[in-house]
Every structure is written in C-alpha cells, then in structure tokens.
Amino acid sequence: MLRGDPASLAGQTIREVRRHGKFIVMDLSSGSVLTLHLGMTGKLLVNSGRTAYTRAGFQLDQGELVFEDLRTFGRIEISAALPDRVAALGPDALQVDADEFAARAKSRRSAIKPLLLNQRFLRGLGNIYADEALFGAGIHPRATASRLSVPRLRRLHDAIRQTLRQAIDAGGSSISDYVDADGVPGSFQERHQVYGRQGAPCPRCGGPIRRIVVAQRGTHFCPCCQKR
DNA sequence: CAGATCACCTGCTTGC
DNA sequence: TGCAAGCAGGTGATCT
C-alpha cells in the first residue's frame, strides 16, 4: 500500500496536483513525486476526521488530507520521479486522437473490452465506462480489436470521450461509496445505459441487458445492439 | 511479448 | 436465523 519514505514528505510544498490516467500525482518542492491510486474504494478527503478505514493522513497547512480505503486496493508511492510503470502507461483516454486510437487497436488481437481496461493500451478508462462506451459504439465486448473497422473504432473513440465527459460532468458514478474530495457522491449511475442493468430493458431496442464475464470482469451489454 | 489467471481485502447481498 | 457463496469503480505478479 505504501512505497517510499513518508518522512521525506516533511516540510515540503505541493507544487502541482495532476492526473495521470487513474493515478493522482503530486509534484513536490524537492522534485520528488507523491503518486496515489484510489483502487476500488479509496477516497481523498480534507478534514473529514479518521475512521476504521483511514490508511494515511497528510498534515497540510490547510488541514489534514485523509486517505480512506475500505478494501485497501489503493496505493501510495513516494519516489524521486514518476514511477516507470506509471510513466509507461498508454495515451490518456481523453487526449488520444481518433487516428492514434484506431491504429493502436488495429494492432491488437485481444477482445476489445479487456484491451480498453489495459492501462498500458489506454490510460484512464475503468470497468463502468468501458461497458458504457462499448454500448454507445454498438460494439460487442468480446469483439476482436484488430478485426473492427476503422470507422467503428473511430465511433468507439468518440463514445469513450462522450461517456467520460458526461460522467465527469455528473461527478462520477457512486455505486456504493464513491465520493469526491468534498464528500459529495456522483450521479452518473442514474444515467448508466448498461452497467448494473442486467435484465432491464435496453434504452435503444428494449431487449434485456445481459451480464457476462469477460477477462474476470462483470460485463454488461445489449446482445441486440452490440455486434462483433 | 501478449494474454490469461489469480491474488490482494472487506463488506454487502443473495440463496439455500 | 445462519451460513456460504457471489459480487464489487483495480492493479500487478506470475504463468503460458
């Protein structure tokens, strides 16, 4: 959960806070870097007080920055520079252009959904938004990436952007416990078209949404609207 | 090298 | 009621 020396943080100034895919990166005055990942259930809160799931606390001039994490899948790393494995992730889902996205996908023979979740292929997309984007593009989650036409891959690229933009606007998806830094839950779960809606009618064709398992992840899709 | 599988951890929900 | 199994916004080690 923690890598690096927490004592080295004492007295430092946070120069910048940025996002690298799903990682939160803080550049410190010494030039070293604090890298955090929220995992499944992590939260970063300010002056929230501590609970049984508080894994770390950072004393700032403004108060305590608290890292809560029920399932302990989150990570904190203190290092001289952005860790190699983080720096080596694929292009950001919101920054990659359609041509590059399509070209990268064309060279991969894996199923499209696990490819979208592979952070070395594309950074920043998770399980909910992979399902929602594939629905938006009308692509079956088990479709082979390299066999998808360039126009369909461009549509997928567009669907990823739209899905993420709308989700960000809605403050994210709060299924059970996600909240932002102010403790406020998101509302995008109310607009999920397929995720968590197995058995419910597809918003496009009215047929039942199905849940299958792809690469060990729960996967939700419309068998009628999403084709290989 | 890419892809599949499993491990990590805790709590909630479901079904017998 | 009680208990076991299944499920959950993710990564990363290890195997083929």
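As numbered in numbering that gives the first Met the number 0, residues 0 to 227 make up the first sequence, in order.
Quick reminder that beta carbons are idealized off the backbone N, C-alpha and C, glycines included.
What residues are listed by DSSP as bridge partners for residue i?
i	result
Pro200	Pro207
Gly217	Val212
Phe22	His19, His36
Lys42	Glu67
Thr143	Ala110
Thr53	Glu67
Ile75	Leu1, Leu35
Could you tell me whether the Cβ atoms of residue i and residue j are closer together than 8 angstroms?
i	j	result
Ala169	Gly195	no
Phe66	Arg54	yes
Ala180	Leu44	yes
Arg70	Met39	yes
Ala97	Leu116	no
Asp91	Arg119	no
Arg154	Ala136	yes
Ser78	Val32	yes
Arg2	Glu76	yes
Leu152	Ala199	no
Leu93	Lys112	no
Using alpha carbons as the reference points, say which of the options lies closest to residue i.
i	options	result
Cys204	Cys221, Leu88, Lys21, Leu133	Cys221
Gly217	Gly125, Ser47, Asp91, Gly20	Gly125
Ala214	Lys105, Arg141, Glu99	Arg141
Gly62	Ala87, Arg210, Ser173, Ser47	Ser47
Ser173	Arg164, Gln188, Gly182	Gln188
Ser106	Lys21, Gly135, Arg146, Asp26	Arg146
Ser7	Pro150, Leu27, Phe134, Pro200	Leu27
Phe57	Pro200, Glu99, Gly10	Gly10
Val149	Asp91, Gln225, Ala104, Gln197	Ala104
Ser83	Arg49, Ile13, Ala199, Thr34	First, the residue type needs correcting, since residue 83 is Asp and not Ser in the sequence shown. For Asp83, the nearest C-alpha among the options comes from Thr34.
Val212	Ile13, Ala110, Asp68	Ala110
Asp68	Leu93, Asp60, Ala51	Ala51
Leu37	Arg209, Arg210, Asp176, Gln197	Asp176
Asp157	Arg210, Cys201, Val85, Glu99	Glu99
Ile13	Pro5, Gly30, Ala86, Ile138	Gly30
Near residue i, which residues of its chain fall below 7 angstroms by C-beta distance, leaving aside the five closest residues on each side in sequence?
i	result
Glu131	Thr162, His191, Gln192, Val193, Tyr194
Gly89	Gln118, Arg119, Phe120, Leu121, Arg122
Ile159	Ala92, Leu124, Ala132
Should residue i go down as buried or exposed, given a rule of 16 or more other Cβ atoms within 10 Å for buried?
i	result
Glu15	exposed
Lys226	exposed
Ile167	exposed
Val183	exposed
Gly41	buried
Leu64	buried
Leu114	buried
With a CB to CB cut of under 6 angstroms and the five nearest residues on each side skipped, what residues in its chain are close to residue i?
i	result
Val95	none
Ile127	Ser172, Tyr194
Pro207	Gly198
Using a Cβ-Cβ cutoff of less than 8 angstroms, which residues in the same chain neighbour residue i once the five nearest sequence positions on both sides are dropped?
i	result
Leu81	His19, Val24, Val32, Thr34
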